[in-house]
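Residue numbers (the working numbering): 18 to 242. Built from N, CA and C at the ideal position, the CB exists for glycine as well. Here the structure is a predicted model, which is why all the values come from computation and not from measurement. Everything below concerns the one structure shown next.
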């Protein structure tokens with residue numbers, strides 16, 4: 018009889034051990050759940066600490082754009098109220114001003130429904146590819162880069178080696194050498210008729226001149242100070 022009782026007690030101990038194991042499993046699962054929730058909360062906390070685009074940075078960008086626009090208008094007025102030779106010397110002394118001007122110019126054109134230079138590109142593509150072209154005030158030489166014609170690109174200054182930097186009233190081309198003379202928003206300065214005379218000198222007989230001004234632009238009148 019004592020042996021039977023001891024066996025029952027041992028069996029009771031074994032049967033009582035199962036709830037303890039189950040309890041340990043529940044503790045482990047709770048720990049895993051807590052760990053998951055903890056990692057998620059840490060991720061949320063880290064995300065909340067990430068720098069968000071501040072209103073001050075957007076305000077600074079707007080101020081920079083306004084400042085660039087102001088510089089462009091100032092330089093634009095300078096080009097309209099001086100001679101080609103004066104503009105050439107002005108930008109030659111500080112080439113960064115010329116880059117600033119063309120950056121502002123590109124920004125202005127980005128708001129137009131069509132870029133005027135594209136009108137010239139289309140016209141040349143629809144005509145004889147053997148035409149030799151003189152592009153007065155070429156800017157980034159987009160015309161020469163988008164047609165198969167031989168193009169002489171002129172401007173006051175440029176980092177592009179394909180552009181001839183010069184006073185456009187005194188280009189290095191020989192007389193009667195081009196078929197088309199292009200002025201795309203480049204008839205600026207108090208002596209702009211001298212550019213037309215230079216184009217006339219360069220052109221062959223029965224050649225053409227194309228002057229493009231955007232029709233929606235209002236004419237600006239600057240008084241010489």
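Candidates the options: closest to residue i by CA position
{"i": "residue 212", "options": "188, 138 and 144", "result": "188"}
{"i": "residue 104", "options": "191, 172 and 222", "result": "172"}
{"i": "residue 289", "options": "101, 139, 110 and 158", "result": "The structure shown has nothing for residue 289, since the chain only spans 18 to 242."}
{"i": "residue 178", "options": "185, 204 and 170", "result": "170"}
{"i": "residue 226", "options": "197, 112, 153 and 186", "result": "197"}
{"i": "residue 223", "options": "149, 106 and 133", "result": "149"}
{"i": "residue 101", "options": "156, 210 and 122", "result": "210"}
{"i": "residue 113", "options": "128, 131, 92 and 180", "result": "92"}
{"i": "residue 228", "options": "115, 132, 116 and 137", "result": "137"}
C-beta atoms of residue i and residue j nearer than 8 Å
{"i": "residue 142", "j": "residue 168", "result": "no"}
{"i": "residue 174", "j": "residue 108", "result": "yes"}
{"i": "residue 186", "j": "residue 208", "result": "yes"}
{"i": "residue 215", "j": "residue 194", "result": "no"}
N- and C-terminal bounds of the alpha helix (DSSP H) containing residue i
{"i": "residue 149", "result": "Element bounds for residue 149: not the alpha helix (DSSP H) but the beta strand (DSSP E), 149 to 153."}
{"i": "residue 142", "result": "133 to 142"}
Straight-line Cα distance separating residue j from residue i
{"i": "residue 160", "j": "residue 146", "result": "13 Å"}
{"i": "residue 125", "j": "residue 94", "result": "15 Å"}
{"i": "residue 200", "j": "residue 182", "result": "16 Å"}
{"i": "residue 154", "j": "residue 205", "result": "9 Å"}
Every unbroken alpha helix (DSSP H) within the segment 82 to 114, with a cutoff of 4 residues, ordered by chain
Within the segment 82 to 114, the complete alpha helix (DSSP H) segments at least 4 residues long are 101 to 110, listed from N- to C-terminus.
Secondary structure, beta strand (DSSP E): runs of 3+ residues fully inside the segment 159 to 231
If one requires a minimum length of 3 residues, the beta strand (DSSP E) runs lying completely within the segment 159 to 231 are 167 to 172, 180 to 182, 195 to 201 and 220 to 229, in chain order.
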